[in-house]
Amino acid sequence: MTRVTAPHAAFALALLGLSTVPLWVGNSYYIDVASQILLFAVFALALNVLAGYGGLVSLGHAGLFAVSGYTAGLMLQAGFGHAAAIAGAVLATLLTSAVFAVLALRSTGIGFLMITLALGQILWGIAYRWADLTNGDNGVSISTRPAPFGLSLSGAPSFYYATVVVFLTALVAMAAFERSPFGASLRGTRDQARRMTALGYNVWLIRFLAFLFSGFWCSVAGLLYLYNKQFISPQVSALQASAEVLLMVISGGTATLLGPIAGAAIVVIMKYVVSAYVVRWNLVLGVIFVAIISFMPEGLVPGSVRIWGFARRRWLARRPARKPAAGAPP
Amino acid sequence: MALWLTLAVNSIALGGLLFLLSAGFSLIFGLMRIPNLMHGSFFMLGAYFGVTLLWQGVNFWAAALISAAAMAVIGGLIERFLLRRLAGEQLPQVLLTLGFALIIGDISLMLWTGDPWQPATPAHLQGAVQVAGLFFPVYRLVIVMVAVVIAAALWLMVDWTRLGAMIRAGVDDPAIARVVGIKVSQLFTLIFALGAGLAAFGGVIGSPVLSVYPGLDAEMLPLALIVVILGGTGSLLGTLVGSFLIGFLYNFGQARFPDLAYVILFLPMLLVLVLRPQGLFGKGGS
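Written out as structure tokens, the structure reads:
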């Protein structure tokens, strides 16, 4: 017997809201922002596999994202069809992820982070400097979006629906991964690597496969990005981009299913809102980083709840004489 | 032939600058285990300070020293009041320093605009010396000399003084060092300030060659990373060798394969990671 609980209802409501965004948001600009939130949520979920469940914090994931977008973009420019470009992009990203994994998994913790950072910078260097291949700073633009099953995705609402479908697929895959024995063993390698080895698990292989899984969803997010903007430039592979997606993961709360999604929404919305008023997005990003680390290391959402509760208790404690009446606001 | 020699001199000069940048990074990482992602920002901000002072008519070497001192104070404050609270938590440390790197980068862009600043080479160091029929730019030779002198001074300090012995003890085993009465936390602040100051000094004396521009920080940080991965953390000799190696690779790569210069730079790092993960001069383990 299954009961309808609050989380179930909330989930159904969220799903309903998600799938009707274009109906109550008329402006195609905002529909586009919604598409971007979802595609960055897929990216953040991908990084969360490693940074959250695996305890392997990567600062080179923007490189993987860019490999996917660039491969598809360049293949389309060279005259390949969408199916070939998408397959090529996924394949190229998986290969790059495998190389990343082999090199970076020689160490964990800070060593892992520094190696992924350096590898990410190589990819940035290729995107930025190897102008013959990647068109350098001018980036790569494509003229068309794919039309799966004959459905055109050229409008903002239709592209949004396609993004929702991909996003939900990613979410289901992540939920399945989280519950699977594979997900459990990855968490095991994060918490007790030595015991996992003693129990006969191949810790390296588990991490390697997790890296590939993460790389696959990076490539999906990269493809969504390319098709959304119909343009890609070296900026997406820069260290700032890696920092941004990491901020999405930690601000929402690592190793949770919904945290990275909330984080992606927070960061993307903030980026759009902030850049409407000031040009100093990087400054704001840095300040948020420092503030989160200093005041709410558990993430923005749980941290805000904690600080709010703390402030409320202090406020109530300061006025002990008057008992809160039954109907008084808390 | 002459081209190659010029390239070689430029490479050695870049190596010297890289040493000034990476020595502090290596010590900070070796002693405190802090992956300081704002080290490139120290270099750039120091260079901007120096350029501004030069603009005001301050003597070149005085500008370099003042900028280094200012950066040392800033670095010391950041360590003492922010990083200290995160002792032993590497991920938050990384994120905090990354956050500061973004802040410093953006504030620099705001204050010094997007245009590159390239101060003139100090008047008494302009021109070239002629050796065996070949011309060498004096200023680049001076950079090398300064780097070598500082390397020697650091080596003397680390290997021959009481302070150096305390630092080495802290690198090898911070817990035991504390037990025998070494104030490791004071050493931390000192090393962090020293590293920040050295980076800033390198930034100023490098500015006539490299110029200062937005993005210099993000360009220097990976170089420091590679140097330290190559040389092994906490090893001054490793840092010196790594710096010159990268200096050569960067300049020769730039000359021969300009498109792939950045990739070539990372190849030795990958080789070292695969064959000798602790770095060329690092001690075993990781």
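Top to bottom, those sequences are chains A and B. First residue of the first sequence? That's 0 in numbering that gives the first Met the number 0, and the numbers climb one at a time after it. First residue of the second sequence? That's 0 in numbering that gives the first Met the number 0, and the numbers climb one at a time after it. The beta-carbon is built from N, C-alpha and C at its ideal position, and this holds for glycine as well.
{"Check": "For A/Ser140, the residue or residues it bridges with in DSSP", "Outcome": "A/Phe230"}
{"Check": "Buried versus exposed call for B/Phe256 [16 or more other C-beta atoms within 10 Å across all chains shown]", "Outcome": "exposed"}
{"Check": "Chain-order list of residues whose beta-carbon lies under 8 Å from that of B/Ile181 (same chain, five-residue window excluded)", "Outcome": "Met165, Ala168, Gly169"}
{"Check": "Separation of B/Ala192 from A/Ala9, as counted between CA atoms", "Outcome": "51 Å"}
{"Check": "Whole-angstrom distance between A/Met295 and A/Arg305, CA atom to CA atom", "Outcome": "8 Å"}
{"Check": "Buried or exposed by the 16-neighbour rule on C-beta atoms within 10 Å, applied to A/Val66", "Outcome": "buried"}
{"Check": "Burial state of B/Gly201, where buried means 16 or more other Cβ atoms lie within 10 Å", "Outcome": "buried"}
{"Check": "Chain B residues whose Cβ lies nearer than 8 Å to that of A/Ser213", "Outcome": "Ordered by position in chain B, no residue passes the 8 Å Cβ test against A/Ser213, which lies about 17 Å from the chain."}
{"Check": "Chain A contact for B/Asp114 (CB, 8 Å cutoff)", "Outcome": "no"}
{"Check": "Backbone CA spacing between A/Ala220 and A/Asn227 [nearest angstrom]", "Outcome": "10 Å"}
{"Check": "Delimiting residues of the alpha helix (DSSP H) encompassing B/Gly205", "Outcome": "183-209"}
{"Check": "Cross-chain neighbours of B/Leu81 in chain A, by beta carbon under 9 Å", "Outcome": "Val289, Ile292, Ser293"}
{"Check": "Residues of its chain near B/Gly74, where Cβ-Cβ distance is below 8 Å and the 5 sequence neighbours each way are ignored", "Outcome": "Phe41, Phe191, Ala192, Gly194, Ala195, Gly196"}
{"Check": "Assigned exposure category for A/Ser303 - 16 Cβ within 10 Å defines buried", "Outcome": "exposed"}
{"Check": "Boundaries of the alpha helix (DSSP H) in which A/Gly35 is found, first to last residue", "Outcome": "Just to set this straight, residue 35 of chain A is Gln in the shown sequence, not Gly. Unbroken alpha helix (DSSP H) run through A/Gln35: 27-47."}
{"Check": "Min CB distance A/Asp131 to chain B below 8 Å", "Outcome": "yes"}
{"Check": "Cβ-based contacts, 9 Å cut-off: residues of the region 221-250 of chain A near chain B", "Outcome": "Ala237, Leu238, Gln239, Ala242, Leu245, Leu246, Ile249"}
{"Check": "Alpha carbon of B/Ile33 to alpha carbon of B/Val93, nearest angstrom", "Outcome": "7 Å"}
{"Check": "Which of helix, strand or coil DSSP assigns to B/Pro136", "Outcome": "strand"}
{"Check": "8 Å Cβ cutoff, A/Ala97 in contact with chain B", "Outcome": "no"}
{"Check": "Coil, strand or helix - A/Trp314 by DSSP", "Outcome": "helix"}
{"Check": "CB-CB length for B/Ser107 against B/Pro213, believed under 8 Å", "Outcome": "7 Å"}
{"Check": "Rounded C-alpha distance that separates B/Phe134 from B/Leu222", "Outcome": "28 Å"}
{"Check": "CB contact flag (A/Val235, A/Val32, <8 Å)", "Outcome": "no"}
{"Check": "Minimum Cβ-Cβ distance from B/Met109 to chain A less than 8 Å", "Outcome": "yes"}
{"Check": "Segment contact flag, the region 69-81 of chain A with the region 194-210 of chain A, C-beta cutoff 8 Å, min 3 pairs", "Outcome": "no"}
{"Check": "Exposure label - A/Trp216; buried when at least 16 CB within 10 Å", "Outcome": "buried"}
{"Check": "Extent of the continuous alpha helix (DSSP H) run through B/Asn250", "Outcome": "235-255"}
{"Check": "Where the alpha helix (DSSP H) containing B/Thr58 begins and where it ends", "Outcome": "Note on residue identity: the sequence assigns Asn, not Thr, to residue 58 of chain B. Taken as a continuous stretch (DSSP letters only), B/Asn58 belongs to no alpha helix (DSSP H), as it is neither H nor E."}
{"Check": "Close Cβ partners of A/His81 (< 6 Å) along its chain, the five nearest in sequence each way excluded", "Outcome": "Pro145"}
{"Check": "At least 3 beta-carbon pairs within less than 8 Å: the region 81-95 of chain A vs the region 248-265 of chain A", "Outcome": "no"}
{"Check": "Cβ of A/Ile265 within 8 Å of any chain B Cβ", "Outcome": "no"}
{"Check": "Enclosing alpha helix (DSSP H) for B/Ile123 [first to last residue]", "Outcome": "Strictly speaking, residue 123 of chain B in this sequence is His, with Ile absent from that position. B/His123 -> no alpha helix (DSSP H), and no H or E assigned at all."}
{"Check": "Interface flag, B/Asp105 vs chain A, CB-CB below 8 Å", "Outcome": "yes"}
{"Check": "Own chain partners of A/Leu37 with C-beta closer than 6 Å, once the 5 adjacent residues on each side are dropped", "Outcome": "Thr162, Phe166"}
{"Check": "Nearest candidate by alpha-carbon position, reference A/Ala187, set A/Ile30, A/Leu55, A/Phe148, A/Leu14", "Outcome": "Contrary to the premise, residue 187 of chain A reads as Gly rather than Ala in this sequence. Nearest C-alpha to A/Gly187: A/Leu55."}
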